[in-house]
Structure formats: structure tokens, C-alpha cells
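Participant:
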Amino acid sequence: MQRTQRPLLARLAGANPTSVFLLTLVVVLVAFFTPGVVGGLLTLALAAVLIALLATTWAVQAPQTRLIRLVMLTLLVTVGLAKLL
Numbered sequence: 001m002q003r004t005q006r007p008l009l010a011r012l013a014g015a016n017p018t019s020v021f022l023l024t025l026v027v028v029l030v031a032f033f034t035p036g037v038v039g040g041l042l043t044l045a046l047a048a049v050l051i052a053l054l055a056t057t058w059a060v061q062a063p064q065t066r067l068i069r070l071v072m073l074t075l076l077v078t079v080g081l082a083k084l085l
């Protein structure tokens, strides 16, 4: 491991992509189908994790990828705020 790598990022890089996808899918589905404030808070918590991941990987992403990720993140935050109301 290089000195500039963070241990958490190294662990995430070694994670099984299928498991990460399925876990994320379960969290998203639970957040979307849980009514009211709890669902909104879960959705916003997921958005916060994705914001941290986006900030970490921003420098290595292509401009088109950045735009798509920002649009999807905006939609996720909008859904989370709508569920809170």
C-alpha cells in the first residue's frame, strides 16, 4: 500500500463488487419503501455516503461521469427531502 492511500479506501477497493452492489440495492430499497421520516433520513444518509465517495474520487473521474453522478445525487437528495415533508 502506498503512503498516500487510506486504509478504508484500500479495503473498499478489495471488496467484492457484487456484494457491494447488492448491499447498496437493499439499503436503497429499504430507504425508498420505508414511509415518512425514517425513509427520508435513510435516503439522506445514503446520499451523505455517496457525497463522501464522490469527493474522494472526483479527481480521477471524467467530466461526463462527474455530471451524471451529480445529477443522480441531486435526485437522491430531492427524494430524501420529499420523504421528510
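One point on numbering: in full-length UniProt numbering, the residue at position 13 of the sequence shown is 13, and numbering is uninterrupted.
Using N, Cα and C, we set each Cβ at its ideal position, and we do this for glycine too.
Hey, quick one: how far does the alpha helix (DSSP H) through residue 94 stretch, first residue to last?
Facilitator: Absent from the model: residue 94. The displayed extent of the chain is 1 to 85, so no value can be given.
Participant: So for Val77, helix, strand or coil by DSSP?
Facilitator: Looking at Val77 - three-state DSSP - the assignment turns out to be helix.
Participant: Taking DSSP as the reference, what is the three-state secondary structure of Gln64?
Facilitator: Gln64: helix per DSSP, three-state reduction.
Participant: Going by DSSP, what residue range makes up the alpha helix (DSSP H) through residue 125?
Facilitator: Coverage of the chain is limited to positions 1 through 85, which leaves residue 125 absent and any answer about it impossible.
Participant: Going by Cα to Cα distance, which pick from Leu46, Ile68, Leu22 and Thr65 is closest to Val79?
Facilitator: The residue with the shortest Cα to Cα distance from Val79 is Leu46.
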